[in-house]
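Position one of the first sequence corresponds to residue 1466 (this note's numbering), numbered consecutively onward.
Glycine residues also receive a C-beta, built at the ideal position from the N, C-alpha and C atoms.
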Amino acid sequence: MLDPKFLRNELEITAERLATRGFILDVDNLTKLEEKRKSLQVATEDLQASRNAISKSIGQAKARGEDTSSIMAQVGDLGAQLDAKKAELAELLQQINSIAMSMPNLPDESAPVGADENDNVEVRRWGTPKVFDFEVKDHLDLGEALGGLDFKSAVKITGSRFIIMRGQIARLNRALGQFMLDLHTTEHGYTETYVPLLVNEESLLGTGQLPKFGEDLFHTKPATEEGQGLSLIPTAEVPLTNYVRDMIVDETELPMKMTALTSCFRSEAGSYGRDTRGLIRQHQFDKVELVQIAHPDHSMQALEEITSHAEKVLQLLNLPYRTMVLCTGDMGFGSSKTFDIEVWLPAQNTYREISSCSNMKDFQARRMQARYRSKADNKPALLHTLNGSGLAVGRTLVAVIENYQNQDGTITVPEALRPYMGGLSLIG
RNA sequence: GGAGGGAUGGCAGAGUGGUCGAAUGCACCGGUCUUGAAAACCGGCAACGGUUUAUCCCGUUCUAGGGUUCAAAUCCCUAUCCCUCCGCCA
């Protein structure tokens, strides 16, 4: 959520900045609502003030043992008037709030302005794609031939966009997760965290999945007026970030760095026909998530840090990648600036997203009421929250299988993973 | 699942339907004292919103949502969470 002050005082500029990400703000409507709110709120509070004053004088008169019936008569229909105004105001505030909750974050000045992914800007590139002297296969052909990837059985048991992994490929998937988790906890200072895979509605509102993107989630109950029960997490960002919801943390505890390896669940509504082949887009996949809770002054630096932590995984696996800064039109709802890391996939002859690292600034913190107590003035202030994938395990598995394939269909195990594979150097 | 007990400021913890936004302690901030620190003493210290150049002032908030009342932290109902005991259980 944006600072409500923007909606009151800097509506035009806010609308302009949101327009760069393709969000059209109805300025006239908001201005009208805001003016109405102001007069209604003042009127309501005046009524309340006079009622409070009269009630107080009744109390004082009673304490003196005086007759209060004449004062009581004054109150008359004040209560009814007040109730009516209150109800009107509540409805108006509700209206304004739901607009505010549906507005995306303001892009940071350093995010390039653009319409879609074609306007994203490459900031660096690492490694050189290997030149194969045979025709490369994709991970699906390789995995199925090795008996490690079984899409057919997953369809039978559950449905499309699920996978069953077996044997050394399943172990490789596990090794990747362990490797990443160990790297971030021992080298990068993150605290390993075990989190629930089911979260409540408040948490989803806090990180911004709700109210707008409920259809992307799996819910344990159909949505009703009473809510939608618990939902499966689409990313560990949700439980990790909500850790600080309704908290005031001490400034000296910043930055808080947390990581978790979890399964993630996405309904992928609206992506029918996209990436249907293989492991790229699944309803269920593993991901190592990096979350930082940062002081506002240091969050942009923290974003660079998180991105480099994710890149380090690819460097150690010796997988070529490029890092893109997303343009305003391609950024996620709550982000002010996002770096995507794209890994080289030889079978597709292209770079594909494997990590997304974002600085949400105070957007989530405001929704969550996540604050720190400032040393300078001893007052609570909103935190900044950041998150990044470090990395998506399923897609990393794809990258390893494809980049490390041999002509005979076997897969060389990357050096860095061998300790996690019992020393195994070749799958085949 | 059954039976009880709770939820109050950053934390702990008082609170009779009527100057209760809420005693007290701790923590924190400022000051006196000190070479410096500690201790002691003095003072300050909730959040959010509205109005305002600012001070002031006003409103809301004692888990949440309803209700009773001129007036609710306090009484009633519902929900959530926590604790204790019993049952079940990886």
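- Sequence-distant partners of S1839 (beyond 5 residues in either direction) whose C-beta falls short of 8 Å from its own C-beta, in its chain, are E1716, P1845 and A1846.
- Out of A1619, R1631 and V1703, the CA that lies nearest to the CA of V1660 is found in V1703.
- Nearest to D1493 by C-alpha distance, out of K1503, R1589, T1485 and A1480, is A1480.
- Under the 10 Å beta carbon count, T1772 is surrounded by 16 or more other beta carbons and is classified as buried.
- Between L1648 and R1502, the alpha-carbon positions lie close to 52 Å from each other.
- For R1836, the enclosing beta strand (DSSP E) stretches over residues R1836 to R1838.
- Just measuring C-alpha positions, the residue of A1619, I1564 and L1782 sitting nearest P1676 is I1564.
- A residue is called buried once 16 or more other Cβ atoms fall within 10 Å of its Cβ, and I1489, having fewer, is exposed.
- Rounded to whole angstroms, L1670 and A1734 show a C-alpha spacing of 19 Å.
- Of the other Cβ atoms in all chains shown, fewer than 16 fall within 10 Å of the Cβ of D1511; this residue is therefore exposed.
- The beta carbon of R1626 sits closer than 6 Å to those of Q1747 and H1748, all from its chain and outside the five residues before and after it, given in chain order.
- Shown here, F1644 sits in a helix according to DSSP, grouped into three states.
- Rounded to the nearest angstrom, the gap between the Cα atoms of H1604 and G1632 is 15 Å.
- Here F1599 is exposed: its Cβ has fewer than 16 other Cβ atoms, across all protein chains shown, within 10 Å.
- In the same chain as G1893, and ignoring 5 residues on each side of it, the C-beta atoms closer than 6 Å to its own belong to T1875, in chain order.
- Under the Cβ criterion (8 Å, minimum of three pairs), the segment 1700-1714 does not count as touching the segment 1761-1771.
- Across the set F1597, A1767, N1783 and R1860, the C-alpha of A1767 shows the shortest separation from the C-alpha of T1803.
- Shown here, F1471 sits in a helix according to DSSP, grouped into three states.
- In the DSSP assignment, the residues bridged to D1715 are R1838.
- As computed with DSSP, I1564 is found in no beta bridge at all.
- When L1848, N1824 and D1795 are compared, the shortest CA-CA separation from Y1708 is found for L1848.
- Looking from the CA of E1754, the closest CA among E1718, Y1655 and G1673 belongs to Y1655.
- Straight-line measurement puts the Cα of G1624 at about 41 Å from the Cα of D1573.
- Sorting R1516, L1779 and E1657 by C-alpha distance to the C-alpha of M1723 places E1657 at the top.
- Inclusion of S1800 and S1823 in the CB contact set at 7 Å is warranted, their separation being smaller than that value.
- In summary, R1482 is buried, with 16 or more beta-carbon neighbours lying within 10 Å of its beta-carbon over all protein chains present.
- Counting every other CB atom within 10 Å of its CB across the protein chains shown gives Y1837 a total of 16 or more, marking it as buried.
- Bounds of the alpha helix (DSSP H) holding H1774 are S1764 to L1781.
- In the three-state DSSP reduction, D1615 falls in the strand class (E or B).
- Here T1672 is near Q1829, since their CB atoms are less than 7 Å apart.
- The beta carbon of I1628 sits closer than 7 Å to the beta carbons of L1614, F1616, A1619, L1744 and Q1747 from its chain, once the five residues preceding and following it are set aside; these are given in chain order.
- Judged by DSSP in its simplified three-state form, R1636 adopts helix.
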